[in-house]
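Contents: one structure, followed by commentary.
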Amino acid sequence: GAGVSQSPSNKVTEKGKDVELRCDPISGHTALYWYRQSLGQGLEFLIYFQGNSAPDKSGLPSDRFSAERTGGSVSTLTIQRTQQEDSAVYLCASSLDGRGNNEQFFGPGTRLTVL
Amino acid sequence: GQNIDQPTEMTATEGAIVQINCTYQTSGFNGLFWYQQHAGEAPTFLSYNVLDGLEEKGRFSSFLSRSKGYSYLLLKELQMKDSASYLCAVRDRADSWGKLQFGAGTQVVVTP
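As given, the protein sequences belong to chains Y and L, one line each in that order. In my numbering, each number is its position in the first sequence, counted from 1, plus 6. In my numbering, each number is its position in the second sequence, counted from 1, plus 297.
Take a look at the structure:
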């Protein structure tokens, strides 16, 4: 079946602009995670959704970052007034639920470049 | 919070064995994952350990010692396609769910 998909695959934007990144999880997966990966760095957790609610937003770096999930499926990560330090690969992952040894399946990521 | 440490890079010859170590300090532990990530691609799941001991899956094995906060990933009979970054990740909580905290990854270079 289809894996996790993300769009766009690449996004170049100017400093100060808003961007929206989209994630389509695997059908039936209730848990959805956003991470970002800066060059040479490990994956940094941003936010977790269980269904449409976000029990853990602790990784969002500032109030310029927000995310929502609708219909227990698609999620959108929005970055307002982008800064150059926001440049990174943003990865989305989904799992059957958030428990136990359920592996997280990752999407291909969105490479964001802020000029 | 968590500190997860793994070497930055390792080089090995095709056909050889490489062991990637990962040490962690946790405030709550509920499992350790290893992922493989080829350049420009998404991480893919390799293994999961929650109890002490060795888990073997073909050419790849993963070991966990919870008392020592230590894991390793063993890659045997290395192939060129094994050149990738290997990510150690710890599940943060013993609750019913938990985010993953990742190490910075170990870049494995396999040479002919």
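The C-beta atom is built at its ideal place from N, Cα and C for all residues, glycine as well.
Residues bridged to residue i [DSSP beta-bridge criterion]
i	result
residue 372/L	315/L and 357/L
residue 336/L	In the DSSP output, where bridge partners are listed per residue, residue 336/L has none listed.
residue 388/L	397/L
residue 75/Y	81/Y
residue 300/L	322/L
residue 62/Y	54/Y
residue 329/L	346/L and 387/L
residue 121/Y	Answer by DSSP bridge pairing: none, since residue 121/Y is not bridged.
residue 110/Y	Looking at the DSSP assignment, residue 110/Y forms no beta bridge with any residue, so it has no partner.
residue 86/Y	Partner(s): none; residue 86/Y has no beta bridge.
Neighbour list for residue i in chain Y, Cβ cutoff strictly below 8 Å
i	result
residue 338/L	114
residue 401/L	46, 47 and 48
residue 384/L	48 and 49
Within chain L, partners of residue i - CB distance below 9 Å
i	result
residue 51/Y	389, 396, 397, 398 and 399
Helix, strand or coil at residue i according to DSSP, with G and I counted as helix
i	result
residue 365/L	coil
residue 349/L	coil
residue 50/Y	strand
residue 17/Y	strand
residue 322/L	strand
residue 12/Y	strand
residue 43/Y	strand
residue 91/Y	helix
residue 24/Y	coil
residue 379/L	helix
residue 69/Y	coil
residue 308/L	strand
residue 36/Y	coil
residue 103/Y	coil
Contact set between residue i and chain Y, taken where Cβ atoms lie within less than 9 Å
i	result
residue 370/L	Residues of chain Y passing the Cβ test: none, with the nearest at roughly 15 Å.
residue 274/L	Because residue 274/L is not part of the residues shown, which for chain L are 298 to 409, the question remains open.
7 Å Cβ cut-off: residues of chain Y touching residue i
i	result
residue 321/L	Per Cβ cutoff of 7 Å: no residues; residue 321/L is ~12 Å from chain Y at best.
Contact belief for residue i with residue j at Cβ below 8 Å, rounded distance in angstroms
i	j	result
residue 357/L	residue 342/L	That belief does not hold up - the Cβ atoms of residue 357/L and residue 342/L are roughly 11 Å apart, past 8 Å.
residue 303/L	residue 317/L	6 Å
residue 40/Y	residue 102/Y	Not confirmed; about 18 Å, so no contact.
residue 405/L	residue 309/L	7 Å
residue 114/Y	residue 339/L	5 Å
residue 47/Y	residue 397/L	That pair is no contact at about 15 Å.
residue 305/L	residue 387/L	That belief does not hold up - the Cβ atoms of residue 305/L and residue 387/L are roughly 18 Å apart, past 8 Å.
residue 24/Y	residue 75/Y	Residue 24/Y to residue 75/Y, Cβ: 19 Å. No contact.
residue 29/Y	residue 80/Y	7 Å
residue 407/L	residue 377/L	5 Å
residue 121/Y	residue 26/Y	18 Å between Cβ atoms; not a contact.
residue 117/Y	residue 15/Y	7 Å
- request: Taking a Cβ distance cut-off of 7 Å, strictly less, list which residues of the stretch 70-102 of chain Y are near chain L, in chain order.
  value: Answer in chain order: 97.
query: Got a sec: which bits of the stretch 22-40 of chain Y sit with their beta carbon under 9 Å from any beta carbon on chain L, in order along the chain?
result: Only those residues of the stretch 22-40 of chain Y whose C-beta falls short of 9 Å from the nearest C-beta of chain L are listed: 37 and 39.
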